[in-house]
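In the UniProt record's numbering, the protein residues as written are 1 to 132.
For glycine and all other residues, C-beta sits at the position ideal for the given N, C-alpha and C.
Note that the structure is a prediction, hence the values are computed from the model and not measured.
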């Protein structure tokens, strides 16, 4: 097992995050998913967060990521949801027909640690999600 490290600690922190579109509107296609994924990667660098796996369905995304112990997860998630919501609606005007208010994401989210299951099992689960 390869552990991450910083100056004074070793760690291996994986998280599984699910973000749902407001009102579960079915607006996520491959293009919007790729855009949202790229934003996650770019913003994650500021919070010592790195993407491991990403997939989407039409009304939600599945994200597996690694973080450092000093990563402020709730601040990152809120910053990501706010920025991506604003920019997705700006760059993809077709979304406004189904989401007419300012929000793209639901206020809630699901964040799980992944210590109980092997990472490969979780990666396989996320890979098998998506449009059916």
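Query raised in the report: For residue 31, does the three-state DSSP call read helix, strand or coil?
Result: helix
Query raised in the report: Can you tell me the Cα-Cα spacing of residue 118 and residue 70, whole angstroms?
Result: Roughly 23 Å between the two C-alpha positions.
Requested in this report: Could you say which of 6, 111, 10 and 48 lies nearest to residue 61 if we only look at CA atoms?
Outcome: 111
**Report entry** Of the listed residues 56, 66 and 22, nearest to residue 4 (C-alpha basis)
**Finding:** If we check each option's Cα against that of residue 4, 66 comes out closest.
Query raised in the report: Can the beta-carbon of residue 88 be found less than 8 Å from the beta-carbon of residue 76?
Result: No, these two residues do not count as a Cβ contact at 8 Å.
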